[in-house]
Structure formats: C-alpha cells, structure tokens
Amino acid sequence: MTELVRAVDLALDAIAGYHRPDLEARLRQTRARLLAEHVRVLVVGEFKQGKSMLVNGLVGAPVCPVYDDVATSVPTVVRHAEEPGAVLVRSAGPDGPFERTPIPLERLAEFAAESGNPGNRERLTQIEVGLPRAVLAGGLELVDTPGVGGLNSVHGAATMAALPSADAVLLVSDAAQEYTAPELEFLRQAMAVCPNVACVLTKTDLYPEWRAIAELDRGHLAAAGIQARVFTVSSTLRFEALRAGDNELNTESGYPPLLAYLRKEVLGQADDLARRSTVHDVLGVTDQIADGLRAEQSAQQNPEKAQELIGALTAAEQRAAGLKERSARWQQTLSDGVADLNADIDYDLRDRLREITHEAEEALYTGDPAKTWDQFAGWVEQAAAAAASANYIWATQRARWLAGRVAEHFDEDRVHLLPALRTEPSDALRSVRALTVRQGESFGIGRRLLTGVRGGYMGVLMFGMLGTLVGLSLLNPISLGAGVLLGARGIGDERKRIVTRRQNDAKAALRRYIDDVTFRVGKDSRDMLRAVQRDLRDHFTAQAEQMKRSLSESLRAAQNSVKASQSERDARLAELATELARLDAVRRQARGLVEAAAS
C-alpha cells in the first residue's frame with residue numbers, strides 16, 4: 009500500500025506543472041481510496057453456530073459478547089485501531105446522516121447482545137469496534153452478524169442484502185449436523201455477487217464425528233456445484249493455545265489455515281485489485297499528458313505535417329466532445345439499461361411475491377387461521393424476506409452487467425474503467441409492518457351452547473307443531489331428535505361462518521403485507537439503480553471531459569508550433585524530451601508494481 013501511495017504521489021508531482029485540476033483530482037481520489045480502503049468480511053450463519061467466538065478467535069481477543077443462551081442482536085464491525093474502543097452507529101432517518109456515539113469497550117455487551125438490547129430496541133445500525141491487532145492492520149474488517157433461526161428468515165434478509173457490499177463471506181455452521189438446504193441456497197446467492205466465499209465448521213472439540221460431517225458438507229457443496237473451501241476450527245482450543253502460547257495446540261485448533269486464507273486469498277486479492285486500479289489510474293493520467301506532449305513533439309519536429317496532425321486532433325476532440333452529449337451512445341445505453349432494469353426488477357419482485365400470495369391463500373382455505381396464525385405469519389414473512397433478498401441480489405448483478413456494457417463505449421478494458429459499485433445493504437424490510445390480523449370472533453363453549461339451543465329450539469318448535477296435527481304432544485321423540493340435529497347443524501354453520509370470516513380477514517392482512525413489501529422493497533431497488541446510474545454517469549462524464557481537455561491541450565500546442573521559429577522549436581523539443589522522460593519514469597514504476605505482484 010505504501011508503494012502504491014508513493015506511485016500516486018510521484019504522478020501528482022509529475023503533472024503538477026500542467027495545470028490539470030481534473031487529472032489531479034482523479035489521482036487524489038485514488039490516493040484517498042487507497043488510504044481508506046477496507047476489506048469487508050461478513051461472518052454469517054444461523055442461530056448459535058459460534059460466529060462471535062470465531063471472530064474473537066481470529067482477532068485473539070474476547071471482543072464480541074458470547075453467551076450460551078443469548079445471541080448477538082446488532083452487527084458488530086471489528087477493524088484495526090491504535091487504541092481499543094467502540095462506537096454505536098444509528099441512523100438519524102431514511103436519508104439522514106448517521107449518529108455516532110463512542111462507548112467504553114466494556115459496555116459492548118449492553119448493546120451488541122440480545123440480553124442488553126433485545127430485538128435491537130436501541131435501533132442501532134451497527135457497532136464499530138477498533139482493536140490494535142496485526143491481523144486487522146492490513147485493512148481486514150470482520151463483521152459479526154446477528155444469528156437467525158434460518159438463513160431465509162426475516163432477519164436473514166438483511167444479511168443477504170449485505171452480500172454485495174462484502175469482499176468475502178464466511179458461512180459458519182457447527183459440527184452438530186451437515187448443511188441444510190437454506191445454507192446451500194445462501195452459498196449459491198453469495199457466490200453470485202461476492203468474490204470470496206468460504207465455509208467454517210466450528211465446535212470441532214464438542215463433536216467427535218466432525219470429520220464425517222465435514223466430508224458430508226464437502227459432498228453437498230460438490231453436488232450443488234458450489235466451489236467453496238471448508239475450514240474446521242475449534243475456538244476453545246484457539247483461546248487455550250493463545251493463553252498457553254502452545255503452537256501445537258494452535259495448529260490443532262484449525263485457525264492457522266483460515267488466517268492464511270484471509271491473508272492470501274481475501275486480502276491478497278483485494279490488494280491485487282487495488283494495485284491494478286491504481287496503476288490504471290496513474291497510467292491513464294500520465295498517458296493523457298504524454299499524448300499531448302508527443303503530439304506537440306511531432307508538430308515541432310515535422311512542421312510540414314502539422315496541418316495533418318491538427319486535423320486528426322480536431323476530429324478526435326469532436327469525438328470526445330460527443331461523448332459528453334446526452335445523445336451519446338453510452339448515455340443512451342445507460343438510460344435505456346436503467347429503464348429496462350427497473351421494469352425487469354419490478355416484474356421479478358411482483359412475480360415472486362404473487363407466487364407467495366397464491367400459496368398463502370391456498371394454505372388459508374385449508375383450515376382455521378386462528379389455530380395456525382403464528383406458523384402461517386412466520387412462513388409468509390420468511391418467504392417474503394427470501395424473495396426480497398433474491399430480488400436485490402439479482403438487481404445488483406444486473407447493475408454490474410449494465411456498467412460493463414456502458415464501459416464498452418469507452419474502452420475494451422472496461423473492468424479497469426468501472427467505478428467501485430458497492431451497493432449498501434438494503435434495509436427496506438425493517439420498515440415493513442408485521443403481518444398481523446385483527447382479533448376475530450371467539451366461539452367458546454358459551455356461544456356454542458347458545459347457538460345450539462337456538463337451533464334446537466327452532467327444531468323442537470317446528471316439528472312439535474307438526475306432531476300436534478297427528479295427535480302427538482309438542483315434546484315428542486321426533487321433535488326432540490329434530491331439535492338435536494338442527495342444533496348441531498346450527499353450531500356447524502356458525503363455526504363455518506366464523507372460520508370463513510377469519511380466512512377473509514387473514515387474506516386481507518396477507519394482501520396488505522405483500523403490498524407493503526412490494527412498495528418498500530421496490531422503492532429500495534429503484535433507489536439503488538438510481539444511485540448506480542448517477543455513479544456511472546458522473547464517472548464516464550468525467551472520463552469524457554478529461555479526454556476532451558487533453559485533446560484540446562494537444563490541439564492548441566500543435567497550432568502554436570506552426571508559428572514558432574526554428575530556435576524556439578529546438579528549445580521546446582529539448583523541454584519535451586525531458587518532460588516525456590520524467591513521465592516515462594513514473595509509468596515504468598507503476599508498471600513495475602504490477603509486474604512485481606505477478607512475480
């Protein structure tokens with residue numbers, strides 16, 4: 009990282025005398041990105057799988073609260089800091105800034121654990137913890153996510169939506185059982201948007217058959233076509249090894265291979281990406297300056313060909329100016345692409361939720377919603393959360409694909425031209441009202457008895473009056489039997505009426521809930537696409553402006569060279585040779601960074 013920053017500083021010094029604030033701003037942005045870059049690793053998994061202990065084991069400190077019967081309630085971000093400390097982060101509003109409140113590290117459990125902050129009643133977005141640890145010094149950022157009762161649960165949707173913002177994902181599952189279907193589905197979605205995905209099997213010290221479970225998990229991954237490494241660890245052995253300074257016990261804990269993976273695969277890949285993007289920016293900026301100098305050098309050396317060069321530069325300048333127009337092809341590709349994406353994503357979300365509505369309505373008509381409402385509401389919320397997270401991930405994939413298409417209008421090497429499209433985690437489902445239904449009519453013993461008596465009375469009276477016509481008394485076996493039958497029928501009819509009304513109320517509540525999910529999740533996806541559109545528009549507009557200005561400078565220099573005398577040409581040619589040599593030195597150093605990394 010120090011070498012990359014030094015290369016950017018050299019490029020800034022090399023172009024300082026050319027009065028190009030646009031190119032200087034681009035390099036300063038690159039420098040700021042290098043200094044502020046973090047490699048974000050999400051630690052995810054179901055409830056009580058050992059995620060917090062894993063984070064503690066990786067940093068070698070009990071930073072995340074761990075209890076046998078209490079879970080994490082707020083995402084905890086652990087990153088490097090010179091002094092230990094914690095900060096509570098909460099949102100001031102949907103579009104407002106974040107409020108940051110420092111707290112002593114000793115009070116972390118009061119806000120991060122379910123015991124002190126049940127259901128995240130403090131409405132915290134996350135808790136940031138800083139530790140002076142070597143493993144974090146390279147920019148590694150570990151995120152301990154709240155455990156959920158199933159990765160397709162409502163709370164799991166927030167984790168799914170955070171995938172596009174992560175550089176790596178560690179799926180944590182203990183050695184008690186093999187992978188479940190939701191865990192495998194989560195891995196599929198994670199691999200679609202995240203460059204590094206690995207699996208960690210925890211608590212190997214508690215389950216003697218952990219090796220068999222690990223082999224079964226590898227078989228499930230292979231059968232599902234998921235290429236992810238599986239690490240087996242014991243956090244208990246890790247802390248005992250750290251306490252005793254026992255290297256052999258530390259090796260037995262399984263942590264060294266996992267730490268090596270984070271250093272080489274995760275941090276190493278992020279370092280390579282930062283290196284390539286930085287070198288691309290340095291070469292891109294110095295190229296624009298050098299191209300102008302070479303054009304002026306050619307005009308000074310061959311005055312007779314100056315007009316030909318001026319014509320070529322004029323045409324190139326006009327093409328660059330065309331890239332800034334609203335009618336430019338890349339602008340049309342971006343505008344049309346975002347419009348198509350909005351329509352496709354909205355259709356995808358509505359289609360997923362419509363299928364949930366159909367299945368839920370079928371389930372409602374098979375019984376009394378009052379008896380199964382808790383299970384029914386939980387299933388609907390989980391299904392809606394899974395649909396929303398899948399829709400958000402698909403939207404992120406399509407947005408990145410669109411960015412590649414737009415970049416094709418500028419350069420075939422479009423990967424290096426793209427800005428960092430890291431979408432922030434979707435928080436739309438938190439604002440969706442819970443699926444509830446109003447309290448329906450009760451049909452207790454007293455009401456059933458009253459309904460039965462009412463029906464029985466009418467039966468006895470009707471058939472008793474008919475019996476008096478043939479000489480029977482009002483109360484006779486026929487009238488009494490009819491009363492019993494009609495009373496039972498009345499109870500049954502009333503029960504059906506109440507159940508039907510409950511079903512209709514449940515159906516109305518279901519539709520309200522699905523409408524709310526559609527509205528809020530749809531708006532969140534559209535906001536994400538608008539942000540991507542703005543980022544791409546600003547990025548490529550800046551690229552076009554830089555190209556146009558560089559060509560204008562080259563054209564002006566070529567035009568001035570026509571009017572110069574021979575002595576002025578000779579002096580200027582000497583200056584150009586010196587300036588080009590200086591730029592070439594910066595370019596060689598930048599290329600050397602890539603070659604050194606490759607070797």
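Position in the sequence shown counted from 1, then plus 8, gives you our numbering.
All C-beta atoms in this analysis are idealised placements derived from N, C-alpha and C, irrespective of residue type, glycine included.
For clarity, every value in this text was computed on a predicted model and none was experimentally measured.
DSSP links Cys207 through a beta bridge to Leu179 and Val238. Around the CB of His27, fewer than 16 other CB atoms lie within 10 Å, so the residue is classed as exposed.
Considering only Trp381, Phe384, Leu361 and Gln405, the residue with the shortest C-alpha distance to Ala393 is Leu361.
Residue burial annotation: Leu214 is exposed, with fewer than 16 other C-beta atoms found within 10 angstroms of its C-beta.
Ala249 and Leu229 have their alpha carbons spaced roughly 31 angstroms apart.
At the C-beta level, Arg98 and Arg131 come within 8 angstroms of one another. In the three-state scheme derived from DSSP, where H, G and I count as helix and E and B as strand, Thr84 is classed as strand. DSSP places Asp17 in the uninterrupted alpha helix (DSSP H) bounded by Thr10 to Ile23. Using a Cβ distance threshold of 8 angstroms, Val414 and Thr341 count as a contacting pair.
Straight-line measurement puts the Cα of Ala442 at about 10 angstroms from the Cα of Leu518. According to the DSSP assignment, Asp152 belongs to the beta strand (DSSP E) that extends over Leu148 to Asp152. Around the beta carbon of Asp280, fewer than 16 other beta carbons lie within 10 angstroms, which makes this residue exposed. Looking at the DSSP output, Ala94 shares a beta bridge with Ile111 and Val137. The residue among Leu43, Ala268 and Gly58 with its C-alpha nearest the C-alpha of Thr212 is Gly58. Per DSSP, reduced to three states, the secondary structure at Glu416 is coil, with no helix or strand assignment. In this structure, Gly530 keeps its C-beta atom at 8 angstroms or more from the C-beta atom of Leu266. In summary, Thr286 is buried, with 16 or more beta-carbon neighbours lying within 10 Å of its beta-carbon over all protein chains present. Contact holds between the stretch 510 to 526 and the stretch 379 to 397, because three or more Cβ pairs, one in each stretch, are under 8 angstroms apart. Here Val507 carries a helix assignment [DSSP, helix/strand/coil]. Secondary structure note for Gly227: its alpha helix (DSSP H) is the uninterrupted segment Trp218 to Ala231. For Pro216, the number of other beta carbons within 10 angstroms of its own is below 16, and it is reported as exposed. Counting C-beta pairs closer than 8 angstroms gives fewer than three between the stretch 377 to 384 and the stretch 295 to 305, which falls short of the contact rule.
In the structure shown, the three-state DSSP call for Gly345 is helix. Secondary structure of Ala89 (DSSP, three-state): coil.
Within the stretch 232 to 288, the alpha helix (DSSP H) runs of at least 4 residues that lie entirely inside it are, in chain order, 243 to 252, 255 to 261 and 263 to 269. C-alpha of Arg510 to C-alpha of Trp387: approximately 18 angstroms in a straight line.
By alpha-carbon distance to Leu209, the top candidate from Ser397, Glu186 and Leu148 is Glu186. Val95 places its beta carbon 8 angstroms or farther from that of Thr84. Each residue's CA atom was taken as its position, placing Val47 and Pro203 some 12 angstroms apart.
DSSP places Gly300 within a helical segment (H, G or I) once states are collapsed to three.
Per DSSP, Arg129 lies in no alpha helix (DSSP H) segment and is marked neither H nor E. By the criterion of at least three beta-carbon pairs nearer than 8 angstroms, the stretch 586 to 595 is not in contact with the stretch 52 to 66.
Taking a C-beta distance under 8 angstroms as the contact criterion, Val293 and Leu35 qualify as a contact pair. Nearest to Trp409 by alpha-carbon distance, out of Glu273, His366 and Asp348, is Asp348. Under the DSSP definition of a beta bridge, Leu50 partners with Val151 and Val177. Asp182 has its alpha-carbon roughly 52 angstroms from the corresponding atom of Ala552.
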